[in-house]
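Participant: Could you have a look at this structure, given as structure tokens, before my questions?
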Amino acid sequence: MAAAGTAACLPAGSLLQACSEAPATGGWDFDEIIDRSGTWSIKYGRASGGEIPLWIADMDFRTDPYVSAALRRRLERDIMGYTSLPETFFEAIAAWEGRIHGYATGRDCIGYAPGVITGINQAYLTFTEPGDKIIVQPPVYDHFKLYIERLGRVAVDNPLLLENGRYRMDLEGLERLIDSKTRMLVLCNPHNPVGICWDKETLTALASLCERHGIIVVSDEIHGDLALWGHRHIPFCSVSEAAARVGMIFAGPTKAFNLAGLSGTAYCIIPDAAKREKYLGTLRSAKLSEPSVMTIEAVLAAYREDTAWLDSLKDYLQGNIRQVEQFFADEPLGIVPFRPQASFLVWLDCRALGLSQPELMDLFIRKARVIPSDGAGYGPGGEGFVRLNIGCPASVLDDALQRIRRALD
Ligand SMILES: Cc1ncc(COP(=O)(O)O)c(C=O)c1O
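This is how it looks when you write it as structure tokens:
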């Protein structure tokens, strides 16, 4: 790991010529309570009654101070004209994929994406027609299905299988579902909300199956930079030649570096040249191919060599996950957490409480005054579950857990 505070941590040619303003390594205070009032936060917008909001997937921590310093430095230049994507943007992403995920994708395979979901939506528009079928694997991030349906395509569920407390992909079920209208599958890797980093064997088998049936795999890898406990995030297109032919990856530093409000800190990796050109053509025709200057600066600053801040964040998240596990182990309340292999979202199995989904949400929100995400929103298999965002100071998490205990008492 390179030391923070050296110019060597920057991609060559970046506007950020010196790291002198970046904070020294270490000493980040993830315990700090950040006042988000007056910031138009969506998360807190739903917590006007003093509830603790642990739902939408952004974190209550300061943005990586190195990224903030880069944005400040750019602002100080007082010039916000139209901006093109510098070569360094693509080089930084290619280098990051290589260093962090062991994926030696060529720079040419990388393109801009105007946000992960906006990018995926453009993939639906580019490669499918109204009425075509797109497969999702619930319980899964609800925005996949939302936009498939809004764009006039048909979402088809291939639910994950939950066996002996472990989730797995149902490849046999998937093959049975496919028909002449099926064009695409959306993979969530790592999987939100159940927290799995899919293994190479599963991804390779998925790629072969999809290639056999002429199906494009859109892989959402937005949580990939937050693999925990020594798990590895494996980029889908890296697993085999078939995966490189059928796959399109959408990713970005949004989640790991807490940049959601900047909007558009994303990219795609599409190894197949024809698909890539077609997709980028769609972006250009929709005038979606020009990111804001702050987006560019944020990606360059986040994807530097030095990962000390990210490593500290991951340690802190692991501590919070342990706190949740310990709490539900000590308190026999009938709630069982799934340990996420990546990211800051903990899937809580509340089925033993024997409550209907409205009763379960009422218990959390009205009685405990803690707002989780409703498991039922993630589709079949989500009933009886909630998703808890533990990306907050440990004291806030502790307060939330105590509130849940009191509500259940
Ligand atoms: C799996 C997944 N994909 C995409 C997004 C949103 O990405 P973006 O804000 O870049 O559209 C989220 C946000 O929670 C997510 O969990």
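Numbering-wise (the working numbering), the sequence shown opens with residue 698 and increments by one.
Think of the CB as a built atom: it goes at the ideal place given N, C-alpha and C, for glycine as much as any other residue.
Relative to ligand 1, is the shortest distance from any of its heavy atoms to the C-beta of D917 smaller than 7 Å?
Facilitator: Numbered from its first residue, the sequence shown carries residue 917 at position 220. Yes.
Participant: Given a threshold of 16 other Cβ atoms within 10 Å of its Cβ, counted over all protein chains shown, does A970 qualify as buried or as exposed?
Facilitator: The residue you call residue 970 lines up with position 273 of the sequence shown. Counting Cβ neighbours within 10 Å, A970 comes out exposed, since fewer than 16 surround it.
Participant: Rounded to whole angstroms, what is the Cα-Cα separation between L1042 and N1086?
Facilitator: For the purposes of this step, residue 1042 is taken as the residue at position 345 of the sequence shown. For the purposes of this step, residue 1086 is taken as the residue at position 389 of the sequence shown. C-alpha separation (whole angstroms): 5 Å.
Participant: Bridge partners for A789 per DSSP, in chain order?
Facilitator: Your numbering for residue 789 matches position 92 in the sequence shown. Paired residues: none, contrary to the question.
Participant: Could you tell me how far apart the beta carbons of F1061 and V1083 are, in whole angstroms, since I believe they sit closer than 8 Å?
Facilitator: Sequence index remark: in the sequence shown, residue 1061 carries index 364 (1-based). Sequence index remark: in the sequence shown, residue 1083 carries index 386 (1-based). Right, the Cβ-Cβ distance comes to about 6 Å (below 8 Å), so this counts as a contact.
Participant: Of the choices I832, E1080, G958, whose alpha-carbon is the least far from that of S1053?
Facilitator: Numbered from its first residue, the sequence shown carries residue 1053 at position 356. Closest option to S1053, Cα to Cα, is E1080.
Participant: Do you know offhand how far Q1137's Cα is from L925's?
Facilitator: Here the chain covers residues 698 to 1106 and nothing more, so residue 1137 does not appear.
Participant: Would the beta-carbon of R850 fall within 8 Å of that of D867?
Facilitator: Here residue 850 is taken as the residue at index 153 of the sequence shown, counted from 1. Here residue 867 is taken as the residue at index 170 of the sequence shown, counted from 1. In this structure, D867 does not lie closer than 8 Å to R850 by Cβ.
Participant: Could you pull the start and end residues of the alpha helix (DSSP H) that R909 belongs to?
Facilitator: In the sequence shown, residue 909 corresponds to position 212, counting from 1. Taken as a continuous stretch (DSSP letters only), the alpha helix (DSSP H) holding R909 covers 897-909.
Participant: Can you tell which of G1074, P1034, D755, A963 has the C-alpha that lies nearest to the C-alpha of A810?
Facilitator: Position 113 of the sequence shown, counted from the first residue, corresponds to residue 810. Residue A963 is the option with its Cα nearest to A810.
Participant: Is C1047 near ligand 1, judged by its Cβ being under 7 Å from some heavy atom?
Facilitator: Taking the sequence shown and counting its residues from 1, one reaches residue 1047 at position 350. Not under cutoff, so the answer is no.
Participant: Relative to ligand 1, is the shortest distance from any of its heavy atoms to the C-beta of A957 smaller than 7 Å?
Facilitator: For the purposes of this step, residue 957 is taken as residue 260 along the sequence shown, with counting starting at 1. A957: yes, Cβ under 7 Å from ligand 1.
Participant: By Cβ distance, which residues of its chain are closer than 6 Å to P720, with the 5 residues on each side in sequence left out?
Facilitator: Mapped onto the sequence shown, residue 720 falls at position 23. Low confidence applies to P720: its pLDDT is 45, below 50, so where it sits in the model is not reliable, and the reading given next is rough at best. Answer for P720: P762, listed in chain order.
Participant: Grouping DSSP H, G and I as helix and E and B as strand, with all else coil, what is E773?
Facilitator: In the sequence shown, the residue the question calls residue 773 occupies position 76. Coil, per DSSP.
Participant: Going by Cα to Cα distance, which pick from A1005, Q819, F786 is closest to L977?
Facilitator: For this step, residue 977 is matched to residue 280 along the sequence shown. The option with the nearest alpha carbon to L977 is Q819.
Participant: In terms of residue numbering, what span does the beta strand (DSSP E) encompassing Y964 cover?
Facilitator: The count along the sequence shown starts at 1 and reaches residue 964 at position 267. From DSSP, the beta strand (DSSP E) with Y964 extends over 963-966.
Participant: In terms of residues, what are the limits of the beta strand (DSSP E) holding D854?
Facilitator: For this step, residue 854 is matched to residue 157 along the sequence shown. Unbroken beta strand (DSSP E) run through D854: 851-854.
Participant: One question on the structure: do I807 and I966 come within less than 8 Å of each other, judged by their Cβ atoms?
Facilitator: Translated into the one-based positions of the sequence shown, residue 807 becomes position 110. Translated into the one-based positions of the sequence shown, residue 966 becomes position 269. Yes.
Participant: If we count the other Cβ atoms within 10 Å of its Cβ and call it buried at 16 or more, is Q1038 buried or exposed?
Facilitator: Numbered from 1 along the sequence shown, position 341 holds the residue referred to as residue 1038. Answer is buried; the Cβ neighbour count reaches 16.
Participant: In three-state terms, what does DSSP make of Y838?
Facilitator: For the purposes of this step, residue 838 is taken as the residue at position 141 of the sequence shown. Correct three-state label for Y838: coil.
Participant: In angstroms with no decimal places, state the Cα-to-Cα distance between P1077 and D757.
Facilitator: Indexing the sequence shown from 1 puts residue 1077 at position 380. Indexing the sequence shown from 1 puts residue 757 at position 60. Cα to Cα, P1077 sits roughly 30 Å from D757.
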